[in-house]
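Q: Mapping the sequence shown onto the numbering used here, position 85 (from 1) lands on 110, and the numbers just tick up by one.
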Amino acid sequence: MRLIYIPEKEVENTKKLLKTDGKFHLITISSEYGKYKQGDFVKTVWGEKLVVHKIIQPKTFKDFEQETTHHKELQSANLEEIKILYTHKKIEILELKKYR
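1) Are the Cβ atoms of Ile52 and Glu117 separated by less than 9 Å?
2) Counting only runs that start and end within the segment 59-117, where is the alpha helix (DSSP H) found for 4 or more residues in a row?
3) Please say whether Lys62 and Val77 have beta carbons closer to each other than 9 Å?
4) For the beta strand (DSSP E) containing Lys48, list its first residue and its last residue.
5) Would you kindly report the start and end of the unbroken alpha helix (DSSP H) that includes Lys44?
6) On the DSSP bridge list, what partners appear for Arg27?
7) Below 7 Å CB to CB, which residues in the same chain sit around Ser55 once its five sequence neighbours on both sides are set aside?
8) Beta-carbon within less than 8 Å of Leu42's beta-carbon, same chain only, minus the 5 sequence neighbours each way: which residues are those?
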């Protein structure tokens with residue numbers, strides 16, 4: 026089972042979302058882009074087992090902006106930074122669900 030990287034500043038919020046919703050969304054860029062497939066099993070550094078439930082690949086920044094309105098944990102994303110990333114990197118959103 027592959028280890029998935031979750032930024033340290035997002036770990037506590039991720040744990041909370043997994044406890045309350047059983048899922049969360051994670052933004053991946055460039056080297057992580059395309060690394061995961063729907064149905065893949067992964068685990069966190071704290072040992073939580075997850076399944077990649079859905080992969081969203083917004084083609085443009087505008088598409089990304091629209092997608093973030095549907096997911097509360099993405100609404101705090103630094104949109105200016107992501108807009109700059111779109112000029113030279115690929116971005117995808119993974120929906121990860123707790124594996125029981």
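Built from N, CA and C at the ideal position, the CB exists for glycine as well.
A: Reading it off the structure:
1) Taking C-beta atoms as the reference points, Ile52 and Glu117 count as a pair closer than 9 Å.
2) Counting only runs of 4 or more, we get 86-93 and 104-110.
3) Yes, the pair counts as a contact, with Cβ atoms nearer than the cut-off.
4) Taken as a continuous stretch (DSSP letters only), the beta strand (DSSP E) holding Lys48 covers Lys48 to Ile54.
5) Taken as a continuous stretch (DSSP letters only), the alpha helix (DSSP H) holding Lys44 covers Val36 to Thr45.
6) Note: Arg27 sits in a beta bridge opposite Val67.
7) Result list for Ser55: Lys114 and Lys115, in chain order.
8) Excluding residues within five positions, the ones whose Cβ falls inside 8 Å are Lys48, Phe49 and Glu98.
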